[in-house]
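So the structure is just underneath, and the comments pick up after that.
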Amino acid sequence: MTGRNEPCPCGSGRKYKQCCAKAEIAQERSQREMLRDAATSERAWAVDAVPLMIGIEDRSAKRPVALLVTAGDLILKHELLGRLGGEASDVAKALESAVVDAARETGVYPQVLRVRHAEVADALVPLMQPRDVVVETDEMPQLANAALGAMQHLAGHSHWPPVCHAELWNAWELPRALVGDVFAAAAAFYRSAPWDDASNLQAPRAELPSGRVWTCSMLGNAGEVFGLALYSDPWDLFERTMLVEPTDGFKGLRGRLISLTFDSPVAGHDALREARVHHWEVAGPSAYPELMTVNTPGGGVSRADIEDLIALLRAFPSFVQAHRDALLREERTGNPVKPIVWTDPDSGVVFRYAGEASAYESSALEFDDDADDIDFGDEALYDFSDAETDGDPDRDVAMFDDVGSHMQAALLAAMSELGPNPDRDAFQEALSRQLQNRMGDYNCVPQPHLGGLSPVQVRELLNSDWLKRDGAVRFRDDLPANDVAHTDWIINARALLGLAQERDGALGATQAGNLKLEVVKEMLGRLKLDEVMVGYFGAAKRITEQDVFPLQMLRVTCEFAGLLEPASNRFELTDTGRALLDPARAGSLYHLLFCTVFQKLNLSYGRPLQWSELQYQAAYTLYRLRTVAKKWRAPQDLLEDVVLPFALEQGPQNHETASVIFAVRILDPLAAFGLLERKRAGKDTSPLKYRYRMAPLAGKFLAFAL
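When you number the sequence shown by my numbering, it's gap-free, plus one each residue, and the end is 720.
Rendered as structure tokens:
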């Protein structure tokens, strides 16, 4: 705040009290009066706690939340909290404090106070009763507009309903032992890999012994994000998948969403330190559990929510395993399973499932006996009273340009089949059948844009476990040493592991978790490196592991593969590492390194542009390269032939940039494993000046079973 005798901020050179002070004081007085008038004239106020996806320098700030009190379109009070508990009582106390402050500043309390969540309203009622304020629940669109403005101002982006994600688990204000139970349940869930046997839309309704109910959607069938999502309203799951553009995010979400996903934080990240300090169980380098909430009170998560999440992380894989054959058959054929009611013997959770369409059939789909249109909540998708389908709904699909076109076409087909004003049960059955038929027909037909594969075959490729012998992608783990001894990865891995064995089974490490300088110097004399890189390091005096990117990738890969294990100030050679140093086991070492690089390691690590979809669909690239890379080809020519359309859409739209990333992150690693031959066209060393073709080793190492 500017002092009265200080220079005026306007730059006039006069003292503040002689220049702008009076005008600004008058303006502040006018604003206060305007707020008092609004607070007095508005019978009802609205209040909410809105999570903000921003970082705050204050070390005590764990999960930023904005408290907003509004009267009509005006914000009466706004306050930023660094943390807030996830219980309804925690949120209610924070809201009461904000309302009291607003009333103190405006001189009046509202007659009615509106909040978004019923459980918060229940906790707020006794707090506001002494002030004769009635508490109601409401969607509060005017407060939502104010919240969106605050988000945009503070975070640079806005979304409604609010989404919350915290980097550290202690930000959720949960008991440490309870978080440990989450990690243990998440590790067991990750190891069970239910995404191998069920799709995202095979989402059963779970009834817990407490009486709480969630719709469980397994994440991972699409291959980009793995985990478990719990929806309090089953319609939200169906709408996210079928009816909303991906760019809309969680727009229109009716209920709450609690999602636990798995990630691979960068080494040294605070989240990893937190897990290590508390000895929380993590299933692997890519299996660190992260929590996200949408539309919960204050963006938090209650103890009851977490207990439900723990129970379902443990019970859901059991449900999938018990009905694996039926779920896989439904996904393969498109024919809905017979209704399932199954109780998990360990937890008592009751799962109910009646096919992929059950998520929406059991929710907001309602029929009006006196109307010709179908009611999906507040707005009909299509008014059939004026529709002329003439028995051929496929002709009418063209009128729909949104993601729900298949849904719309199925609705038209079902209406054509049954006529106007159908029986509710008969229509739901017809609609489910039409949807399943359309999806089933499409999924089993070879598609030109998928390289002649059907969607089902592509799914088999992308979901295949490379370490198993009976998957769609099959790799040999017993190749003779002579077949792989010449590859860069075997040469370099044996050099690193061999040095560790020479030094009594350990390599020195810095406090930051990198190899010590003297280890790096020794390794430079043993590594097989690109000639350009060799020339650069020959002139350098002090070289760290981070300077030698191939060495850093090698060390991280060996760590992820279980060949080296980080300990205090060193990397120790594991029993597996010692065993695979045996020259006779070179084929097994090669197989383990290859699967680790492409399925566990983030190939975008240490690079500015992320493109995870490119790595995720690597099995398809391997499948296509056998056909289209028999002769020398440039990466920019191969790109669209060997990368799936969905991955291309998610990558850089500049073709040259995408081609460079494709060459560096996919083709070059394949060449380093000896599966591609690589040569330079001319003296230019830029990535696009290299040419690639399949090497004989590829035919020995990999095969496909579709």
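Quick reminder that beta carbons are idealized off the backbone N, C-alpha and C, glycines included. This structure is a prediction, so every number in the text was calculated from the model and none was measured.
- Under the 10 Å beta carbon count, L623 is surrounded by fewer than 16 other beta carbons and is classified as exposed.
- When the five nearest sequence neighbours on each side are left out, the beta carbons in the same chain lying within less than 8 angstroms of the beta carbon of T357 are those of V363, V364, F365, in order along the chain.
- For C572, the enclosing alpha helix (DSSP H) covers residues 563 to 574.
- The DSSP-derived three-state label of W356 is strand.
- Residues A297 of the same chain have their beta carbon placed closer than 6 angstroms to that of R205, with the five preceding and five following residues left out of the count.
- By alpha-carbon distance to T501, the top candidate from M232, T524, A685 is A685.
- Taking a contact as a CB-CB distance under 8 angstroms, the pair A520 and A514 counts as one, their CB atoms being some 6 angstroms apart.
- C22 carries a coil assignment under DSSP once its states are collapsed to helix, strand and coil.
- Of all alpha-carbon atoms in V79, A180, T54, the one lying nearest the alpha-carbon of R118 is that of T54.
- If you check the CB distance, G369 and E344 come in under 8 angstroms.
- Under the three-state reduction of DSSP output, F240 falls in the coil class, being neither helix nor strand.
- Our two residues, F276 and E304, have alpha carbons roughly 6 angstroms apart in a direct line.
- Taken through DSSP and simplified to helix, strand or coil, E181 comes out as coil.
- In this structure, P299 keeps its C-beta atom at 8 angstroms or more from the C-beta atom of H131.
- Excluding its 5 nearest sequence neighbours in each direction, M537 has C-beta neighbours in its own chain below 8 angstroms: A509, L510, L513, L529, V562, L565, listed in chain order.
- Separation of the CB atoms of A135 and T120 is rounded to 22 angstroms, and the pair is thereby denied contact status at 8 angstroms.
- In this structure, E559 and V534 form a Cβ contact; the two beta carbons are roughly 5 angstroms apart against a cut-off of 8 angstroms.
- By the Cβ criterion, the segment 582 to 602 is in contact with the segment 482 to 498, since at least three pairs of Cβ atoms, one from each stretch, lie closer than 8 angstroms.
- In terms of Cβ geometry, Q461 and L720 do not form a close pair [threshold 8 angstroms].
- Per DSSP, H92 is one residue of the beta strand (DSSP E) stretching across 88 to 95.
- DSSP places K714 in the uninterrupted alpha helix (DSSP H) bounded by 710 to 715.
- Beta-bridge partners of S468 (DSSP): none assigned.
- Contact between the segment 466 to 481 and the segment 647 to 655 is not established, with fewer than three Cβ pairs separated by less than 8 angstroms.
- Secondary structure at P659: helix, using DSSP grouped into helix, strand and coil.
- Counting only the Cα atoms, L138 lies some 7 angstroms from V149.
- Distances from the alpha-carbon of Q143 to those of Y123, L162, A158 put Y123 closest.
- Per DSSP, the unbroken alpha helix (DSSP H) holding C609 starts and ends at 600 to 613.
- Note: K703 is not bridge-paired with any residue in the DSSP secondary-structure output.
- Here L538 carries a helix assignment [DSSP, helix/strand/coil].
- Under the DSSP assignment, M232 falls in the beta strand (DSSP E) whose first and last residues are 227 to 233.
- Straight-line spacing of the CA atoms in G96 and I557 works out to 41 angstroms.
- Taken in chain order, the complete alpha helix (DSSP H) segments of 4 or more residues contained in the segment 474 to 511 are 495 to 498.
- Listed in chain order, the beta strand (DSSP E) runs fully inside the segment 202 to 228 are 219 to 221, counting runs of at least 3 residues.
- The Cβ neighbour count for A593, taken over all protein chains shown within 10 Å, is under 16; the residue is labelled exposed.
- Contact between the segment 659 to 671 and the segment 577 to 595 is not established, with fewer than three Cβ pairs separated by less than 8 angstroms.
- Only residues of its own chain outside the window of five on either side were considered, and among them L222, S361, V363 have a CB closer than 7 angstroms to the CB of A325, listed in chain order.
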